[in-house]
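Numbered as in our numbering, the sequence shown ends at 189 without a single skipped number.
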Amino acid sequence: MERVVDILKAEFDRSFKLINSKTYPVSGGELNPANVDSEIEAFAQLGVSRGLDSKEAHYLANLYGSNAPKVFALAHSLEQAPGLSLADTLSLHYAMRNELALSPVDFLLRRTNHMLFMRDSLDSIVEPVLDEMGRFYDWTEEEKATYRADVEAALANNDLAELKN
Numbered sequence: 025m026e027r028v029v030d031i032l033k034a035e036f037d038r039s040f041k042l043i044n045s046k047t048y049p050v051s052g053g054e055l056n057p058a059n060v061d062s063e064i065e066a067f068a069q070l071g072v073s074r075g076l077d078s079k080e081a082h083y084l085a086n087l088y089g090s091n092a093p094k095v096f097a098l099a100h101s102l103e104q105a106p107g108l109s110l111a112d113t114l115s116l117h118y119a120m121r122n123e124l125a126l127s128p129v130d131f132l133l134r135r136t137n138h139m140l141f142m143r144d145s146l147d148s149i150v151e152p153v154l155d156e157m158g159r160f161y162d163w164t165e166e167e168k169a170t171y172r173a174d175v176e177a178a179l180a181n182n183d184l185a186e187l188k189n
């Protein structure tokens with residue numbers, strides 16, 4: 025990493041300080057290590073109080089950790105998006121508003137477990153995610169079509185379609 029810092033300084037006159045990633049906090053990881061299970065359970069109960077069923081609330085509490093209250097707080101100002109569960113609606117809006125998820129692939133692959141670990145339910149939410157992101161970001165039909173093609177390409181890659189044909 026020191027070499028990268030040196031290159032950035034030499035070529036772009038930009039200075040950066042190296043961090044120790046061993047002690048760098050992970051987003052959502054501000055939990056007491058002695059009470060992780062009870063803290064996650066408390067977050068899940070907060071989700072239930074915001075209208076999620078227990079399974080969805082536990083999923084989001086485990087996914088977002090100490091950020092879960094921020095996700096659940098969105099339930100006060102959002103309506104469930106057509107075609108999405110309340111949990112997926114909250115997760116999507118949290119990703120767009122707080123994690124700068126700008127594309128459906130970013131949301132489905134990097135911000136959630138959908139593309140890698142929830143493939144069986146993914147197809148049913150792709151269009152609703154495209155619709156909700158398009159509404160939020162005011163995409164044109166051409167932009168939406170481009171993002172749809174990006175999702176299809178990412179799915180083909182993840183599904184190993186080229187190897188299976």
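We treat Cβ as the ideally placed atom computed from N, Cα and C, and that holds for glycine. Please read these numbers as outputs of a predicted model, since none were measured by experiment.
Could you give the distance in angstroms between the alpha-carbon of E166 and the alpha-carbon of R172? 10 Å
Suppose contacts are defined by Cβ-Cβ distances below 7 Å. Is L84 in contact with A92 by that definition? yes
Please report how far the alpha carbon of L124 lies from the alpha carbon of Y118, in whole angstroms. 9 Å
Classify H100: buried if its beta carbon has 16 or more other beta carbons within 10 angstroms, exposed otherwise. exposed
Grouping DSSP H, G and I as helix and E and B as strand, with all else coil, what is N59? coil
Does the beta-carbon of D112 have 16 or more other beta-carbons within 10 angstroms, so that it is buried, or is it exposed? buried
In whole angstroms, what separates the C-alpha of L108 from that of P152? 6 Å
Keeping to the same chain, check which residues put their C-beta closer than 7 Å to that of F268; ignore five residues upstream and five downstream. A query on residue 268 cannot be resolved here, the shown segment of the chain reaching from 25 to 189 and no further.
Closest by C-alpha distance to L110, when choosing among Y88, D61, D77 and L42: D77
Hey, out of T170, E63, N44 and D147, whose CA is closest to L126's CA? T170
Unbroken alpha helix (DSSP H) run spanning N91, endpoints: Careful: N91 lies outside any alpha helix (DSSP H) and carries neither H nor E.
Express the C-alpha separation of A58 and A177 in angstroms, rounding to a whole number. 43 Å
Whole alpha helix (DSSP H) runs in the region 84-154 with 4 or more residues, listed along the chain? 92-97, 110-122 and 138-141
Could you pull out every residue in the same chain whose Cβ sits closer than 6 Å to the Cβ of R68, ignoring the five residues on either side in sequence? According to the sequence shown, residue 68 is Ala rather than Arg. Counting only Cβ-Cβ distances below 6 Å, and skipping sequence neighbours, we find A81, H82 and A85.
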